[in-house]
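Engineer:
In the numbering used here, the protein residues as written are 380 to 546.
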């Protein structure tokens with residue numbers, strides 16, 4: 380028996396007969412389903428975001444920045460929908476990990492050591508939530524979900540650029 384991933388997603392999201400836009404919102408909000416990973420869904424979401432970044436073509440700095448801004452801006456309503464469906468800052472909502480991980484990789488070379496370091500640093504900082512990331516979680520709706528990962532992504536990116544500058 381062949382499993383149809385769309386049917387499995389429909390069952391998992393419990394979006395039977397809901398409008399396609401709702402399905403797309405839940406699909407993106409869950410990081411293409413990675414938010415439903417039973418443990419460490421944020422880590423799973425960050426990993427899927429890395430895989431997507433790897434297959435994207437090389438982008439100019441302006442295109443990278445635009446891509447991340449769009450990911451962040453669409454993430455606010457997407458994560459608001461996820462929060463309305465699953466409760467405050469739900470583990471299923473990992474679009475914030477996507478935008479944050481992509482921010483961490485901004486203007487950095489696509490090499491294995493840099494990508495691996497960005498993943499590890501981003502995950503550690505996302506769990507630790509240095510100031511003002513933790514405080515930003517008190518923002519309403521999707522803002523509270525998205526902003527902390529944007530801050531952590533910026534910190535990660537700055538640390539890696541500093542490392543490359545020094546070494």
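Ideal Cβ positions, reconstructed from N, Cα and C, are used throughout, including at glycine.
1. From residue 490 to residue 440, what does the alpha carbon distance come to, in whole angstroms?
2. In three-state terms, what does DSSP make of residue 401?
3. For my contact list, residue 451 and residue 472 are in at a C-beta cut-off of 8 angstroms; report their separation, rounded to the angstrom.
4. Tell me whether residue 539 sits in a helix, a strand or coil according to DSSP, three-state version.
5. Using a Cβ-Cβ cutoff of less than 8 angstroms, which residues in the same chain neighbour residue 468 once the five nearest sequence positions on both sides are dropped?
6. Have a look at residue 396 and residue 545 and give me their C-alpha separation to the nearest angstrom.
7. Check residue 527 in the structure and name its three-state DSSP category.
8. Which word fits residue 476, buried or exposed, when buried means at least 16 other C-beta atoms lie within 10 angstroms of its C-beta?
9. Measure the beta-carbon distance from residue 526 to residue 504 and round it to whole angstroms, keeping in mind my assumption that it falls under 8 angstroms.
10. Over the uninterrupted alpha helix (DSSP H) stretch that includes residue 468, give me the two end residues.
11. Please identify the residue among 536, 454, 448 whose C-alpha is closest to the C-alpha of residue 485.
12. Once you ignore the five residues that flank residue 423 on each side, which residues in its own chain have a CB closer than 6 angstroms to its CB?
13. Can you list, in chain order, the residues of its chain whose CB lies under 7 angstroms from that of residue 534, leaving out five sequence neighbours each side?
14. Could you pull out every unbroken alpha helix (DSSP H) segment of at least 4 residues lying fully inside the stretch 432 to 486, listed in chain order?
15. Along the chain, where does the alpha helix (DSSP H) containing residue 491 start, and where does it finish?
16. If you follow the alpha helix (DSSP H) that residue 514 is in, where does it begin and where does it stop?
17. Whose C-alpha, out of 521, 514, 496, is nearest the C-alpha of residue 356?
18. Sort 459, 443, 444, 446 by Cα distance to residue 408 and report the nearest one.
Structural biologist: A quick look at the data gives this:
1. Start at 1 with the first residue of the chain shown, and residue 490 comes out as number 111. Start at 1 with the first residue of the chain shown, and residue 440 comes out as number 61. Just so you know, the alpha carbons of residue 490 and residue 440 end up roughly 17 angstroms apart.
2. Reading the chain shown from its first residue, position 22 is the one you call residue 401. For residue 401, the secondary structure class from DSSP, reduced to helix, strand or coil, is helix.
3. Within the chain shown, numbered from 1, the residue matching residue 451 stands at position 72. Within the chain shown, numbered from 1, the residue matching residue 472 stands at position 93. About 14 angstroms; that fails the 8 angstroms criterion.
4. Looking up residue 539 in the chain shown gives position 160. Helix.
5. To locate residue 468, count along the chain shown from 1; it is residue 89. Non-local C-beta neighbours of residue 468 in its own chain, meaning closer than 8 angstroms and more than five positions away in sequence, comprise 462, 516, 523, 524, ordered along the chain.
6. Taking the chain shown and counting its residues from 1, the one referred to as residue 396 is at position 17. Taking the chain shown and counting its residues from 1, the one referred to as residue 545 is at position 166. Only weak support exists for where residue 396 lies, its pLDDT of 41 falling under 50; the coordinates are left without a value.
7. In the chain shown, counting from the first residue as 1, residue 527 sits at position 148. Assigned with DSSP and collapsed to three states, residue 527 falls in helix.
8. For the purposes of this step, residue 476 is identified with residue 97 of the chain shown, where counting begins at 1. Counting Cβ neighbours within 10 Å, residue 476 comes out buried, since at least 16 surround it.
9. Locating residue 526 in the chain shown gives position 147, counting from the first residue. Locating residue 504 in the chain shown gives position 125, counting from the first residue. That pair is no contact at about 14 angstroms.
10. Locating residue 468 in the chain shown gives position 89, where the first residue counts as 1. Judged by DSSP secondary structure, residue 468 falls outside any alpha helix (DSSP H); it is assigned neither H nor E.
11. Translated into the one-based positions of the chain shown, residue 485 becomes position 106. Shortest Cα-Cα distance from residue 485 to any of 536, 454, 448 involves 536.
12. Locating residue 423 in the chain shown gives position 44, where the first residue counts as 1. Cβ neighbours of residue 423 beyond the five flanking positions: 413, 416.
13. Looking up residue 534 in the chain shown gives position 155. The beta carbon of residue 534 lies closer than 7 angstroms to those of 504, 509 in the same chain, with the five residues before and after it left out.
14. Within the stretch 432 to 486, the complete alpha helix (DSSP H) runs of at least 4 residues are 440 to 465, 474 to 483.
15. Along the chain shown, one-based indexing puts residue 491 at 112. Boundaries of the alpha helix (DSSP H) around residue 491: 491 to 507.
16. The count along the chain shown starts at 1 and reaches residue 514 at position 135. Segment 512 to 515, the alpha helix (DSSP H) holding residue 514.
17. Residue coverage of the chain in this structure runs from 380 to 546, which leaves residue 356 outside it and unanswerable.
18. Walking along the chain shown from the start, residue 408 turns up at place 29. Distance check between residue 408 and each of 459, 443, 444, 446 places 459 closest, using alpha-carbon atoms only.
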